[in-house]
Structure formats: structure tokens, C-alpha cells
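Asks:
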């Protein structure tokens with residue numbers, strides 16, 4: 147996988163595996179756990195009871211909304227028998243309390259498992275891993291990413307998603323397409339079942355796939371990110387991004403010329419490219435009307451953009467406010483060059499709030515144009531390029547040799563945070579965030595007080611200890627500084643998701659070269675064990691002088 151094969155299809159010759167691991171069958175509720183409708187205990191059929199259990203279990207961890215309840219009730223009724231549907235007509239008369247308490251007891255029991263119980267569960271998982279967690283590609287044993295089929299449940303989503311509460315149905319072998327070498331070692335389906343299809347496509351890296359019922363999108367069993375084929379794809383992705391700088395000046399020159407084009411589609415493409423280049427916006431594919439109202443650059447509407455001739459002393463300011471991927475809100479006020487500002491005025495003229503801003507452009511047109519400029523170039527490559535370039539520039543600016551290990555890690559997270567902000571990688575504040583902050587603050591206060599008391603004690607000791615005083619002072623100061631940096635880092639990361647950019651957008655060779663090879667920061671401080679396996683190709687081959 148270290149061979150640098152550029153622009154070649156990744157193909158395998160033989161692929162053998164055991165197929166996916168399906169969710170265990172449903173176990174009915176104990177007799178003393180009952181569902182009530184209109185204050186009367188009501189026995190449900192197994193499928194309807196299982197769906198009711200999903201709803202009840204969820205009540206212990208989150209509050210549902212009117213949309214959630216409405217969608218759940220509609221899907222729940224589809225699992226009921228005719229007599230149950232005739233009886234259960236009003237969701238407000240449903241009482242799930244005994245089911246809620248039952249699943250809360252199960253949840254509490256899991257948290258209080260003994261060491262022996264945990265060891266037994268660990269062994270059972272290891273057994274499943276050995277059976278389903280590995281495949282053989284061209285004679286080499288490779289780890290599979292997630293070999294389990296997602297169990298049934300309720301779709302939660304982010305924000306006020308229009309499909310929240312819908313039932314994720316149980317996947318059966320009859321729904322699954324298997325991809326493998328044809329012959330005697332085709333994986334066997336569970337007893338009494340058969341596969342939807344068995345195929346042999348050696349140009350893809352998935353082992354099994356099925357269509358989920360809510361969004362009608364494909365779900366895949368894939369190779370582990372650390373596997374040979376996936377590692378090579380990672381390398382190719384970052385190499386494509388790295389090549390962008392060679393033609394970036396030409397791209398910018400061309401789209402600036404198109405700002406004045408007589409063709410409206412060229413003007414709109416030029417402005418969209420400007421935003422993708424300068425702001426790292428997602429391209430914005432077409433959406434189904436039943437999905438969440440999320441948009442990207444090409445699918446922006448007039449209501450998502452406000453133009454300010456002057457704002458806070460800056461001219462030609464564009465204000466964005468829209469829901470991006472995963473219903474994450476994107477807000478930004480950015481001054482733009484005058485030609486972009488004037489073109490936006492033209493695009494918005496005589497349009498209502500719900501009209502498309504780029505009505506002569508879509509994501510496919512934009513990406514086809516980019517492909518004509520450079521092989522493999524898409525709008526996403528710009529995000530990868532700018533995120534990686536931001537990380538490197540910030541590391542160059544912030545990191546100095548005299549920094550302590552903790553200071554270097556803090557500055558690395560700061561550079562990572564700037565890249566995450568560029569990509570709008572936000573997260574909800576964790577539930578126990580305030581408690582974590584209070585605990586860290588307490589540790590800082592205690593450590594500072596302890597340092598003062600120790601230093602006072604040392605000053606009264608015999609002069610023979612004077613030589614040890616400086617070393618002790620330095621250790622105490624370093625410990626306090628470490629805690630202070632951890633506290634500041636956690637506060638600044640309150641609503642920022644660093645993991646997404648580190649996993650998918652930041653070229654790992656930058657982190658390895660600048661922190662691990664140049665500044666001798668242990669690799670484990672940057673990447674956990676699974677990421678070290680995934681980025682082994684970068685860790686093994688990158689030199690300290692690597693530059694993006």
C-alpha cells in the first residue's frame with residue numbers, strides 16, 4: 147500500500163468473508179411490565195411491543211417533540227395488527243411508564259456490572275470479532291470496519307429533523323447484497339434465510355450493503371480504515387488535495403474573469419466557486435422535500451443571504467445564516483470583493499425569499515467543471531486543502547522549540563480548532579461539561595495552594611535542600627501550567643468538534659512531521675490507537691521536512 151499509484155482504480159482479485167453480524171432477535175417483555183392504553187393494560191404483538199420499547203427506552207435519555215411523537219405513532223401503527231390499530235387511536239392515551247422503568251433498570255444494571263460480567267461480555271465480543279471482524283483480500287487477512295448490521299430503533303437526528311421519531315426497521319438477510327469472490331466460500335446466510343443478491347465487484351471496497359428504510363440510502367459493511375485498500379484511498383485523497391495548490395492560482399484567475407461573463411450560469415458558477423474557495427463551504431446537493439432543510443453553496447436560497455453595503459466599518463459584507471450538514475447552523479459575516487457583492491445583488495433581484503440564489507447552477511455542473519480543470523478535483527477537495535493548509539500555517543506560526551509538551555499540545559489543538567471552525571464542525575455542549583470544568587478548576591486551585599505550601603516549607607529547610615528547591619519549583623509550576631492549559635483548552639472546545647477535521651480533513655502527514663518528527667511529541671498524544679492504525683502509512687513514511 148506504500149506504492150504511489152496515482153489515478154488508478156483500486157482492485158482486488160479475491161475477497162472472502164463471513165458476511166455481516168445481524169442484531170439479536172427481540173426478547174419479549176416480562177409479564178409484570180405492561181403497556182397501558184386509556185388506563186387499561188393492553189397486550190401488544192411482538193413487533194408492536196418492540197417498537198413501543200424503543201420509544202419508552204428513549205424517554206430516559208431525551209425529551210421528544212411533537213414531530214417525533216407524530217412520526218413514531220404513524221410508524222408504530224404500521225407494526226400493529228388490525229385489532230391493535232382499531233383500539234389504539236389516540237397517542238395521548240398511551241402510557242409507557244412501566245416500560246420506561248423497565249429499560250431504566252436494565253440501563254442501571256449495565257452500569258453496575260461486576261468485573262466478571264464485564265470480562266464475560268468482552269470475551270463474547272472478541273469471539274464475534276474473530277468470526278465476523280476479518281476478511282481475506284488477495285490472501286491477506288484484513289480487519290473489517292463495522293461488521294454489525296445496525297439494530298432496529300428510532301431515528302433521532304439532529305435539531306428539529308422532519309423525520310425524527312421514525313422507525314428504523316430490522317434488517318433481514320433478504321435485504322442484504324453480498325460482495326465477495328464467487329465460489330465455495332460465499333458466506334452462508336442465517337438458517338432459514340437467503341441473501342438478496344451475491345455479486346462479485348472488485349472495483350469497490352464494500353463487503354455487504356442494504357438500503358435503509360428512512361432515507362432509502364445505501365448502508366455498507368466496509369474494510370477497516372487501516373486496511374490496505376482504505377489506506378491507499380486515504381493517501382490518494384490527500385495527494386489530490388495537496389496538488390490543488392499547483393492550479394489554484396489559475397482557478398482563481400478564471401473565476402474572477404467569469405464574474406463579468408455574459409452567461410448567467412458562468413457568473414453564478416464563479417461566485418459559488420469563490421465561496422467554496424474562500425469559505426470552504428460544502429457544495430450543496432439537491433435534497434428530498436421530506437428530508438431536513440439543509441443546504442450548501444449551490445442550494446442556497448435568497449433567505450439565507452443578506453447584503454450589507456457597510457457593516458461594522460467594513461464594506462460589501464455578506465451575511466450567511468443557514469442549516470448545513472447534520473442541521474448544524476452556519477452563520478458568518480464576511481466582506482467580499484465588489485464584483486462578488488454586485489453579482490449577488492444581480493442574482494437576488496426580483497426574487498422572493500424562498501427562491502434559489504444560484505438558479506442556473508447545481509452541484510453536478512460545478513463538479514464537472516472542476517473535473518475538467520484537474521483530475522479528481524471536487525468541491526470537497528477545497529475543504530480538505532484549506533483545512534490542512536490552515537493547520538500547517540497555524541502550527542508554523544504558533545509552535546516554538548522552547549515550548550513544553552503541554553504547551554505544544556495546546557497549540558496543536560488551537561490550530562486544529564481553527565481548521566474545524568473553517569469547516570463549521572460544531573457539536574452540542576456535552577451534558578456533563580460544566581461538571582468537568584468545575585472539577586478542573588478545583589484541581590487548579592488545589593495545585594496552586596499545594597505549590598505555595600510546599601515552597602514555603604522548603605524555604606525553612608536546611609541549606610542542603612536549596613539545590614533541590616529550583617527543581618521542585620519547576621515541577622510544581624509545570625503541573626499547575628498543565629492543568630491551566632487543559633482548562634483553557636476545554637473551554638475553547640466547548641462547541642467545537644475537533645475529531646471530524648482530524649479524521650477526515652487534516653492530512654496526517656502534517657501532524658506527524660511538525661509535532662512528532664520535528665518537536666518529538668509522542669504520537670499517542672495526537673492519535674489514539676485506532677487512528678494510529680488508520681494513518682500508519684503517514685506515520686511510517688513522513689519526514690520532518692514534509693510540507694503541504
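Numbering (this note's numbering), first residue to last: 147 to 694.
Glycine included, C-beta positions come from ideal geometry on N, C-alpha and C.
1. Once you ignore the five residues that flank residue 231 on each side, which residues in its own chain have a CB closer than 8 Å to its CB?
2. Output the distance between the C-alpha atoms of residue 163 and residue 674, rounded to the nearest integer angstrom.
3. Within the same chain, show all residues whose beta-carbon is closer than 6 Å to that of residue 472, passing over the 5 residues directly before and after it, in chain order.
4. Does the region 409–417 come close enough to the region 506–515 that 3 or more CB-CB pairs lie under 8 Å?
5. If I'm right that residue 217 touches residue 312 with Cβ under 8 Å, what's the distance once you round it to whole angstroms?
6. Assuming residue 372 and residue 289 make a contact with CB atoms under 8 Å, what is their CB distance in whole Å?
7. CA-CA distance, residue 390 and residue 666?
8. Leaving aside the five residues before and after residue 528 along the sequence, list all residues of the same chain whose C-beta is less than 8 Å from its C-beta, in chain order.
9. Tell me the start and end of each unbroken alpha helix (DSSP H) in the region 517–569 that is at least 4 residues and wholly inside, in chain order.
10. Kindly identify the DSSP beta-bridge partner or partners of residue 579.
11. Confirm the yes/no value for this check: CB of residue 542, any heavy atom of the ligand SAH, distance under 7 Å.
12. Is the beta carbon of residue 283 closer than 8 Å to that of residue 374?
13. DSSP puts residue 481 in a beta bridge; with which residues?
14. If we count the other Cβ atoms within 10 Å of its Cβ and call it buried at 16 or more, is residue 267 buried or exposed?
15. Along the chain, which unbroken stretches of the alpha helix (DSSP H) at least 4 residues long are found entirely within the region 339–390?
16. Under 8 Å by Cβ, that's how I've got residue 324 and residue 341 pegged, so tell me the actual separation to the nearest angstrom.
17. Within this structure, are the beta carbons of residue 684 and residue 664 separated by less than 8 Å?
18. Between residue 270 and residue 225, is the Cβ-Cβ spacing less than 8 Å?
19. Taking only beta-carbon positions, decide if residue 424 is within less than 8 Å of chain C.
20. Please classify residue 286: is it buried, with 16 or more other beta-carbons within 10 angstroms of its beta-carbon, or exposed?
21. Count the other CB atoms, across all protein chains shown, that sit within 10 Å of the CB of residue 239; report buried if there are 16 or more and exposed otherwise.
22. Which residues does DSSP list as the beta-bridge partners of residue 93?
23. Is it right to say residue 320 is buried, meaning 16 or more other beta carbons lie within 10 angstroms of its own, or is it exposed?
24. Fully enclosed by the region 240–310, which beta strand (DSSP E) runs are 3 residues long or longer?
25. By alpha-carbon positions, which one of 370, 556, 310, 359 ends up nearest to residue 214?
26. Put residue 225 into one of helix, strand or coil per three-state DSSP.
27. Looking at C-alpha atoms only, which residue of 461, 463, 388 is the closest neighbour of residue 536?
Replies: In terms of the structure at hand:
1. On the chain shown, position 85 is the one that residue 231 refers to. Answer for residue 231: 223, listed in chain order.
2. Position 17 of the chain shown holds residue 163. Position 528 of the chain shown holds residue 674. Rounded to whole angstroms, residue 163 to residue 674 spans 27 Å at the Cα level.
3. Translated into positions along the chain shown, residue 472 becomes position 326. Same-chain partners within the cutoff: 304.
4. yes
5. On the chain shown, residue 217 is found 71 positions in, with the first residue counted as 1. On the chain shown, residue 312 is found 166 positions in, with the first residue counted as 1. Between residue 312 and residue 217 the Cβ distance is about 5 Å, and since that is below 8 Å, they are a contact.
6. As a working mapping, residue 372 is identified with position 226 in the chain shown. As a working mapping, residue 289 is identified with position 143 in the chain shown. In this structure, residue 372 and residue 289 form a Cβ contact; the two beta carbons are roughly 7 Å apart against a cut-off of 8 Å.
7. Your numbering for residue 390 matches position 244 in the chain shown. Your numbering for residue 666 matches position 520 in the chain shown. Taking the straight line joining both Cα atoms gives about 30 Å.
8. To locate residue 528, count along the chain shown from 1; it is residue 382. Counting only Cβ-Cβ distances below 8 Å, and skipping sequence neighbours, we find 390, 422, 423, 426.
9. Counting whole runs of 4 or more residues, the region 517–569 contains the alpha helix (DSSP H) stretches 525–544, 551–568.
10. The residue labelled residue 579 in the question sits at position 433 within the chain shown. Looking at the DSSP assignment, residue 579 forms no beta bridge with any residue, so it has no partner.
11. This structure simply doesn't include the ligand SAH, nor any ligand for that matter.
12. One-based indexing of the chain shown puts residue 374 at position 228. One-based indexing of the chain shown puts residue 283 at position 137. Taking 8 Å as the Cβ cut-off, residue 374 and residue 283 qualify as a contacting pair.
13. To locate residue 481, count along the chain shown from 1; it is residue 335. Looking at the DSSP assignment, residue 481 forms a beta bridge with 463.
14. Start at 1 with the first residue of the chain shown, and residue 267 comes out as number 121. Residue 267 is exposed by the Cβ-count criterion.
15. none
16. Locating residue 324 in the chain shown gives position 178, where the first residue counts as 1. Locating residue 341 in the chain shown gives position 195, where the first residue counts as 1. About 5 Å separates the two Cβ atoms, so the contact holds.
17. Here residue 684 refers to the residue found at position 538 of the chain shown. Here residue 664 refers to the residue found at position 518 of the chain shown. Cβ distance not < 8 Å, so residue 684 and residue 664 don't count as in contact.
18. Taking the first residue of the chain shown as position 1, residue 270 is located at position 124. Taking the first residue of the chain shown as position 1, residue 225 is located at position 79. Residue 270 is not a Cβ neighbour of residue 225, given a cutoff of 8 Å.
19. The question asks about chain C, but that chain is absent: this structure has only one protein chain.
20. Indexing the chain shown from 1 puts residue 286 at position 140. Exposed: under 16 other Cβ atoms inside 10 Å.
21. The residue given as residue 239 occupies position 93 in the chain shown. Label assigned to residue 239: exposed.
22. For the chain, the structure presents residues 147 to 694; residue 93 sits outside this window and is missing.
23. By 1-based counting over the chain shown, the position of residue 320 is 174. Burial call: exposed.
24. Complete beta strand (DSSP E) runs here, min 3: 280–283, 286–289.
25. Numbered from 1 along the chain shown, position 68 holds the residue referred to as residue 214. Considering only alpha carbons, the answer is 310.
26. To locate residue 225, count along the chain shown from 1; it is residue 79. Residue state, collapsed to three classes: helix.
27. In the chain shown, residue 536 corresponds to position 390, counting from 1. When only C-alpha atoms are compared, the closest one is 388.
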